[in-house]
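For the sequence shown, the working numbering gives the first residue as 161, with consecutive numbering after it.
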Amino acid sequence: IVRIGIPNAFKLSQGLVVTVASFMIIVQSEETIDLLKNFTSLMIVSEFDNILFKLASFGYLGEELHQQTVKITDKDVSRSTSASDRERKNWFPLARLAFAAILFGMFTGWGIVLYQQYN
161 IVRIGIPNAF
171 KLSQGLVVTV
181 ASFMIIVQSE
191 ETIDLLKNFT
201 SLMIVSEFDN
211 ILFKLASFGY
221 LGEELHQQTV
231 KITDKDVSRS
241 TSASDRERKN
251 WFPLARLAFA
261 AILFGMFTGW
271 GIVLYQQYN
């Protein structure tokens, strides 16, 4: 769970932070140029970790980081044999439920914003 849960939790939190920041930028922007400028800076910040990883993989950030990126990218990602197919299928309804809850939350938030704009 540590190898899978923590990285995915970080990815989820990163996505949520970017979504909230995007919403705040859209709400506060008065002109299209300001909106474009703010989104450009937001995308640079959200992609900063990928840029640093690429720089490290090319060796620009030192040999130690280069070796670590080579070690990470050379990992063979294969299907885990520790969990049976039955155990994996038990998680499938939970994944569908989580997806439905997130989708419902997104549409509910959108509906609230839309309702507030018309009133």
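The C-beta atom is built at its ideal place from N, Cα and C for all residues, glycine as well.
What residue range does the alpha helix (DSSP H) around residue i cover?
i, result
"N210", "208–217"
"S189", "It is not in any alpha helix (DSSP H) - S189 carries neither H nor E in the DSSP assignment."
"L225", "223–233"
To the nearest angstrom, report how far apart residue i and residue j are at their CA atoms.
i, j, result
"Q188", "V180", "12 Å"
"Q138", "A169", "Any answer about residue 138 is impossible in this case: the structure gives the chain only from 161 up to 279."
"S182", "L195", "10 Å"
"K214", "Y275", "44 Å"
"Q228", "L263", "37 Å"
"K231", "L172", "25 Å"
"I186", "W270", "13 Å"
"F218", "H226", "7 Å"
"I164", "I211", "23 Å"
"I193", "M184", "16 Å"
"P253", "A261", "12 Å"
Please identify the residue among the options whose C-alpha is closest to the C-alpha of residue i.
i, options, result
"L202", "N250, G271, V177", "V177"
"Q174", "I186, S206, K197, F199", "S206"
By the 10 Å Cβ neighbour count, where 16 or more other Cβ atoms means buried, how is residue i classified, buried or exposed?
i, result
"A255", "exposed"
"A216", "buried"
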